[in-house]
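Trainee:
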Amino acid sequence: MNNQSTTHPSRLKPNYTMKIVSRIARFLVGIVFIFSGLIKLNDPVGTQIKLEEYFEVFAHDMAFLHGFFHAIVPFALYFAVFLCVAEVVLGVALLVRYRPRTTNFLLLLIIIFFSFLTFYSAYFNKVTDCGCFGDALKLTPWTSFTKDLILLVLIVIIIWYQRDIKPLPTAMVVAVATVGSLVLAFYAITHLPPLDLLPYRVGNSIPEQMKPSEPYQFEYIFLKDGKTHRFKEFPDDSTYVYQDMVTLNADKAKPKVTDYRVWNDTTDYTQESFKGNKLIVIVKNLKDINAAAFPTIKKLVDELAGSDIQPLIFTSAASNEIEDFLHAQQLSVPYYFADATVLKTISRSNPGIWLLSDGVVKGKWHYNDTPAAATVRKLVKP
């Protein structure tokens, strides 16, 4: 009698199926990490802003670590670049099967970290836009957390079946991904994001962005004979008792720009800022301003004197601070106040340069790319 046991082919099927599932999981996780990392590397300063928001929230909510979180705020940009580059590199390493055990372990650590952030945002309603996909794709906090949980499950599957993954000699591919990611981050920081996804980008009309994206739709809730009735239009029957009005398309109809406002000590300048040609120097704050950029900016302002292009300063600094700063720079330009968050959204550099013509964005520059006066005139020429 032959004692050699045989395995029925059908018993191999579940293992084979799970190998296929593991491969699909590896592909999906790799693609998502690369996409997320590249989108954020396009605008690492945006990720920096989100991290600063988290640090401020943690400093407030975790009083015993207040000093620690405030101490690391100045390093937020370095953390942002590190996380974004890590996403891309780990995604590439996963796809090309480079050092599977190390890659999978690091993926697990980073997804646990992201899951914590998104859960904190969702559960405590803090930092309600985590910036998971930068400004390319806005997700609600709970959607972001769900996405991270799905990725966590997929990574656990990958780790469980990592013994079936044969490493490949792909160090050069991973090295190229690392260098390429760092170059992209450096360019986006020292210039502006190559792909501007913000509502204040070139070509957009700010007044149009402040209007509803589509007409609002409402549902009216009434009570009659103890029963609730819902109407799309206000009923004429007076026997219905009004209860509530619900907006059906609040998210879709919400304007792209909701918080743009400019003012000085006496007047609201918002609508006036949309009239004519305005060359606006964005001074987000004076704490980390690059003062060395102002001689070039002053030269541009001086060369535009007498033209129909009006130079302005938009800032969130206190009036006495901005006046002292402009005096030190020998720059005589009217200044107006704007919300700090709005200024961060308009310009990722400090200072930044923003050109409006009747409310339409004609140009946007990093201080390293301050344009010539001829370039500015050409952009607003009818």
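Going by the UniProt record's numbering, the residue at position 34 of the sequence shown is 34; the numbering climbs one at a time, nothing skipped.
From the three backbone atoms N, C-alpha and C, an ideal C-beta is built for every residue, glycine too.
Contact between the stretch 53 to 67 and the stretch 20 to 31: three or more CB pairs below 8 angstroms?
Mentor: no
Trainee: CA-CA distance, P141 and P382?
Mentor: 44 angstroms
Trainee: For the alpha helix (DSSP H) holding H366, just list the boundary residues, first then last.
Mentor: In the DSSP assignment, H366 falls outside any alpha helix (DSSP H) and within the unbroken beta strand (DSSP E) covering V360 to H366.
Trainee: CA-CA distance, L379 and F234?
Mentor: In this structure, the alpha-carbon of L379 lies about 49 angstroms from that of F234.
Trainee: Give the range of the alpha helix (DSSP H) segment to which H60 is assigned.
Mentor: P44 to D61
Trainee: Cα separation between N350 and Y367?
Mentor: About 7 angstroms.
Trainee: Can you say whether G226 is buried or exposed, counting buried as having 16 or more other CB atoms within 10 angstroms of its CB?
Mentor: With fewer than 16 other Cβ atoms within 10 Å, it is exposed.
Trainee: Rounded to whole angstroms, what's the CA-CA distance from I282 to G37? Just pull it up for me.
Mentor: 28 angstroms
Trainee: For Y78, is the classification buried or exposed, using 16 other Cβ atoms within 10 angstroms of its Cβ as the cut-off for buried?
Mentor: exposed
Trainee: Using the three-state DSSP reduction, which class does L151 fall into: helix, strand or coil?
Mentor: helix
Trainee: Within a Cβ cutoff of 6 angstroms, which residues of the same chain sit near Q4, ignoring the five residues on either side of it in sequence?
Mentor: Note that Q4 scores a pLDDT of 47, beneath 50, so its modelled location is shaky; the value from the coordinates is reported in the next line. If we look at Q4 and ignore the five residues flanking it on each side, it has no Cβ neighbours.
Trainee: So for E219, helix, strand or coil by DSSP?
Mentor: strand
Trainee: Since M172 is in the alpha helix (DSSP H), which residue starts that stretch and which ends it?
Mentor: A171 to T190
Trainee: By alpha-carbon positions, which one of Y216, V183, E272 and K275 ends up nearest to V246?
Mentor: Answer by Cα proximity: Y216.
Trainee: Can you name the residues that DSSP bridges to I353?
Mentor: V281 and W365
Trainee: By Cβ distance, which residues of its chain are closer than 6 angstroms to K91, with the 5 residues on each side in sequence left out?
Mentor: Lys is not the amino acid found at residue 91; the sequence shown has Gly there. Non-local C-beta neighbours of G91 in its own chain, meaning closer than 6 angstroms and more than five positions away in sequence, comprise G30, F33 and I34, ordered along the chain.
Trainee: If you check the beta carbons only, do V361 and S121 fall under 9 angstroms apart?
Mentor: no
Trainee: Rounded to the nearest angstrom, how far is the Cβ of V376 from that of L279, given a contact under 8 angstroms?
Mentor: Indeed, because the Cβ distance is near 6 angstroms, the residues count as touching under 8 angstroms.
Trainee: Could you round the C-beta distance between Y335 and I353 to whole angstroms and report it? I think they count as a contact, below 8 angstroms.
Mentor: The pair is not a contact, with the Cβ atoms about 15 angstroms apart (cut-off 8 angstroms).
Trainee: Give me the Cα-Cα distance between L12 and F69, rounded to the nearest whole angstrom.
Mentor: Low per-residue confidence applies at L12: pLDDT is 43, beneath 50, and the placement is therefore not dependable enough to give any value.
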